[in-house]
Every structure is written in structure tokens, then in C-alpha cells.
């Protein structure tokens, strides 16, 4: 076991696209778990686009990280000490947001879920069996009201939510269309079962490209990016289209500025489209049931994921920046320590 | 009875804000009703913001008027000849869209509804008891999911839909906020029961003005205008806000151009807001029931309207332009001929 706890703290709010120096690595004592709490060693830490919104002075849906605070983030880890009756050293747990970018966290049982390593390898608990799977499911099925025969377009289609969403769209009987940023990602999307795809960096007229692959228009749009991908799809809405605003990663470099560009009120009116802002935590009380369903599909080989690992806690900011600049392929995680139990 | 039928035909598509010369008045034979049809004399003709979208080469939700066609529009009129068993000369009928800007129309019974002049004066059949009442109701209650205690903001609040929407919001137990374009309109909105109002032409910072009158944010926004009013409200969304896109009259002068300005995907995401494009014809099979409810409220004195009449068929384009430039106060109609029956 390490003798100290390293922590990535926010050093400053980003000015546009974040840079590594927006965080600073500090080293201190390993935390003491309080009554009922446990000490958990980070194995995999999550980096995800929503974290960009959390390191901004702008209004957000949840309390933001302030300079000096440990950076927010979920993680999978091993219980190394426990003052909870329900968890023993050696147990593996996952938490969606409350690990933080650090080697060790003192966690309450209420903020973790138990991991069953026999059901799925540990990284999947931050992916298909975690927020990404739930987000893809609720965004597609609930907010997006996806129905068999629908044309479903997913932006950031090879990303953490996108790769699951495409497979769920196929499971739902939809035609799934990927928008992504490279030939390699597009090829992975085809392996996942996406029917068609667009590498937006290869298209001069993105709206025309969407029209080409969606000749009947777009019924459901899972919008993980905003930006030019959003604009192109909004010009190709089918009547009664549903647009689910899941994330705005394409705005990562200008989150504190107004986003100026074409607006689509006429398109929304003409299509009688529905644009729905989405947050997975609004589906809290249905998450267990859907997670069980996702686990069934995973076990049956119907949901696969690709991961992109960065090694070592020290790589966390770099891994996050890879994500914001579309350099990752699949779900980006930080591998902090070994999966095998400590002595 | 006139000896000829005058008709306003579209002469050319507008280039920006329409001008009177986009229409031309022609004169011809009074139409002969076909089998089962009736000849109807126009008494009041409707002019409404949706007509701007119909005289554009741009894609729309319905077939557009082409140069040479008679201008589209609803009307109330008297049956003067009938080849239908169901209607007799002297009966009064209303049609939502299919009268056209003309003195006489040959109409099928399926495209009209019977008017009961004892229930309400004729203009109300194009207003509270017509599309405006239905639009206000379905937009507020269905698309907007208005609930008691909600803060409801209505743009173009003294307009045809707005004046009814404000009263319905009060009937629903909501707090109703008017956005309008003059002190006189604001004063009328207060008479209607709106709790608060903003004259947007008097505000330097419209978003701050909305924040001032909606300190807890906006739960429901009935957006009749788009433009700066839309932008101001989108910066003041309450969590789970519903934005109903009913019309875009503020874009009347630039409907054929992209509408460039700030986009609000972050605000939609953070509030988990729902933006819903609205068209009253999507509620076709519930309209009779709601019209009966609106009639009950009208009879009980709970829904009043103000009308702005232009006189004579020749004034139709002028009346329409008044509307597009916010010069009307209340529901704009064209009084084409006398209410009293012809000999």
C-alpha cells in the first residue's frame, strides 16, 4: 500500500479549452475513514465530458469544483479498510462521482455500489453497468422515445455513451447512424452494429451528409456534442423528431462564452420536434432495474465496449484532455493501480 | 350581393419582411359551388402570423401558397347558396384555413364548422372558439404541461394566442407573465389578468428584466415570437422548464435566412428543459372537446378578447403587415362585409 495519497486538485478555472496546468498534483496523508465509512483504493478512475461543466464558474446542474478542491470523478476500487458492517477489505465497489482524482478515498456505503467481478471486468462497471449504460438507455428509450423503425443518429458515436447507444438502438429495432471524428472510430462503430456512419472531419457539407444517410430524416438524435454535428442534424429532422441533449463536448473550449450560430426554431416548429435536456440522475429510482437489464444484455454478448486506458494517476488530466479533443477511442479511463488485491 | 369575386393572390415571395406588393387583387366570377358544396360570403377574414411561413419557398409543415395562388386564410361567413343538405342559406360557418382572402368561397361541409351566433359574436369564432383558443389551450396544458404554481411566460402576450393563453394560465393556477411591445398592450395584459409584464422595447437588458419578474425562473414559456424575447427567457429557465415553440413572428423579416444568435444547449441541459415545436392541427381529434370547454369559460365571462379590425377586403395585406410589425392590439381581423344576412 502507498504511504501517501496523491490528489489532483483544480488549480484554476480553464480559460477556454482546459490545459494540464488547470490541475495540480498534491500529496498528503491517506484519509481516515469516519464512522461507517471505508477506505477505498482507486483501481480505475473515470474521466468524462460532464466534468468540463464542473470546472467552470458558470451555472450548472450540480455544485461545481472550485480551485483548491479535489477534482470530481467516479471510480472503481478495492476496500482496504472498513468501518462499515456491509463491506469487508477486498470487496470491490464503484461510485459514479464521489471518488475524486486521487489514490484513496474515504467513502460512505450510501455513495457506492458493490461490484461483482464475476459478472463483468472492472472497467465495465464505469461503462455499460455504470452511468454510460444508464445514460444511453434512458436517453434513447425515455427522453428519446425510440421506437422500432426509427432512424437514430448518435454524435460522439464511438465515445462512452455513443458506443452503447448505437447497440441499444439496434436492440430496439432502430436504424443507427454514427457521427464520429475518424475513420478508425467509424470502423469501430460498424463493428458495434451501426448501420451507417459519418466521419464529420471528412465532410464539407455536414447537413448534406446527414441527409444522404438519413433520407427519411432523423427521428431520434442523441446529441453528445452540440456544435456543427448538432447543426447538421437539426436541418434534417423528421416530423416529431426527438433531440436529446446529453452533452456539449464540442463546446469544451468555449463553455464560458455564448455559443453563437444558427438557431433552429423554425425547424423545431415545422417538425414539431422535441428537444429534451437530459441528466441521468433524473432517473435515479429506475436505475437498478435498467442496470440489471444492461447486465443481462452484457452477459448475452449483446453489448460490448472498447476502452482507452491511460496509465497512472498522474495521467488523469491528460486523459481528460484526450477526451475533450476526441483523441480517445472508446471509453476513456485512468488505470491507477493493479486489479489484484493488496496484501 | 356583389357581382364579382375579388381575390388577393400572391404576386411574389417576400424578400425579407413582406410588403403590400407581394399580393395583387384580382377580380373574377363568383365561384359556382360543386356537388355538395356551398357558396359562402366572407364576413370576417383571419390574418395570422403562421401565414408568413406559408408565403415562402422554404420548407413548411403544410403546402405553401405559390405566386398566382389565392392567399390562404380562415374566415367566418354566411352561406348564400347551398348544394349541401346540411346547410341552408343564412347559416353562418367558420373555416380555419380554407376560406382564402376573397369575397366568396365555394366550400365543402367537411371544411367548415357551424357557427352559433347566439353563443358568441362572430369574431370570437376565429379567436377563443377557433384556432387561437385551441392553440393557447393545447400549447399551455398539453405541450407546456402547465401546473398550478408554475410561472408561465407568454411572448406576444397581447396577441391573438397570447391574450387567451394568459387567461388560461390564470385559470390553471399559474403565475402569468406577459412580454409585449408597448405600454398600451401591457395595460391590456394586466386587464386580462396577467400578474406581471415586460414591455421589451423599454428594457435595455431583457434577460435581466425576465429575471426580475421571474425570480424563481420560468417553468413554462409559450414562445410566439422567437428572437430577443426567446433569448431572454432561455437564460432564465427553471429546472424542468417547458418551452413551447408556437410561432416565430419576430423572424417575419428574415424567414428565408438562417437565424444566427446565441444557442442555449447548455441552458437546456442544465435545466433539463423540454423545447417542443407546436402545431394545433396535431390535436385534431381532441379539438371539439376543448372547444366546448373554451365556450363554457367564454359564456362564464372567464375568457375575453380584444379585436383589431381592418375594414374591407382591400385592407387584408395591410392588416397582415400590421400584425407582423406588432402594430395590432388584440386579435387582428379583416371585416369584409356586413354581419346582417343578405337578401
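Residue numbers (the working numbering), protein chains in the order written: chain A, 2 to 344; chain B, 2 to 344. Here a beta-carbon is modelled for each residue, glycine too, at the ideal position from N, C-alpha and C. As the structure is a prediction and not an experimental result, all values here were calculated from the model.
Contact annotation: residue 220(B) and residue 231(B) have beta-carbon atoms that are not nearer than 8 Å. The C-alpha of residue 207(B) is placed about 32 Å away from the C-alpha of residue 21(B). Cβ neighbours of residue 61(A) within its own chain (closer than 7 Å, five residues either side excluded): 54 and 55. Residue pairing by DSSP leaves residue 173(A) without any beta bridge partner.
Within chain A, the residues 266, 269 and 270 have their CB atoms less than 7 Å from the CB of residue 246(B), given in chain order. DSSP lists 308(A) as the beta-bridge partner residues of residue 332(A). In the three-state reduction of the DSSP assignment, residue 116(A) falls in the coil class, being assigned neither a helical nor a strand state. Counting only Cβ-Cβ distances below 7 Å, residue 61(B) has contacts in chain A at 271, in chain order. Rounded to whole angstroms, the Cβ separation of residue 26(B) and residue 3(B) is 14 Å, and the two are not in contact under 8 Å. A direct Cα-Cα distance of roughly 14 Å separates residue 109(B) from residue 76(B). Under DSSP, residue 58(A) shares a beta bridge with no residue.
Secondary structure at residue 79(A): strand, using DSSP grouped into helix, strand and coil. Around the beta carbon of residue 47(B), a 10 Å sphere encloses 16 or more other beta carbons of the protein chains shown; the residue is thus reported as buried. Interface with chain B (8 Å Cβ-Cβ cutoff): residue 275(A) is included.
DSSP lists 8(B) as the bridge partner or partners of residue 27(B). Here residue 263(B) is bridged, per DSSP, to 261(A).
Looking at the DSSP output, residue 96(B) bridges to 76(B).
Interface residue (Cβ-Cβ distance to chain B less than 8 Å): residue 254(A) is not classified as such. Proximity of chain A to residue 261(B) at the Cβ level (cut-off 9 Å) is accounted for by 261, 262, 263 and 264, in chain order. Looking at the backbone, the Cα of residue 96(B) and that of residue 316(B) are separated by about 20 Å.
Fully enclosed alpha helix (DSSP H) runs of no fewer than 4 residues occupy 228–235 of the region 212–252 of chain B, in order along the chain.
Residue 17(A) has a beta carbon lying at 8 Å or more from every beta carbon in chain B. Taking C-alpha positions only, residue 152(A) is separated from residue 325(B) by approximately 37 Å. Collapsing the DSSP output to three states places residue 280(A) in coil. Residue 38(A) sits buried, since 16 or more C-beta atoms from the chains shown fall within 10 Å of its C-beta. Look at residue 103(A) here: in three-state DSSP terms it is strand. Rounded to the nearest whole angstrom, the CA to CA distance from residue 182(A) to residue 302(A) is 26 Å. Residue 5(A) does not reach chain B, its nearest Cβ partner there being about 37 Å away, counting only Cβ pairs nearer than 7 Å. Excluding the 5 residues flanking it on each side, residue 36(B) has same chain C-beta neighbours closer than 7 Å at 84, in chain order. The way I'd put it, the region 131–146 of chain B does touch the region 291–306 of chain B; three or more beta-carbon pairs between them come closer than 8 Å.
The Cβ of residue 249(B) sits closer than 8 Å to at least one Cβ of chain A. Under the DSSP assignment, residue 132(A) falls outside any beta strand (DSSP E), being part of the alpha helix (DSSP H) whose first and last residues are 132–138.
The Cβ atoms of residue 265(A) and residue 242(A) do not sit closer than 8 Å to each other. In the structure shown, the three-state DSSP call for residue 209(B) is helix.
Straight through space, the alpha carbons of residue 238(B) and residue 63(A) are spaced by roughly 15 Å.
The C-beta distance from residue 270(A) to residue 246(B) rounds to 5 Å, short enough to fall under 8 Å.
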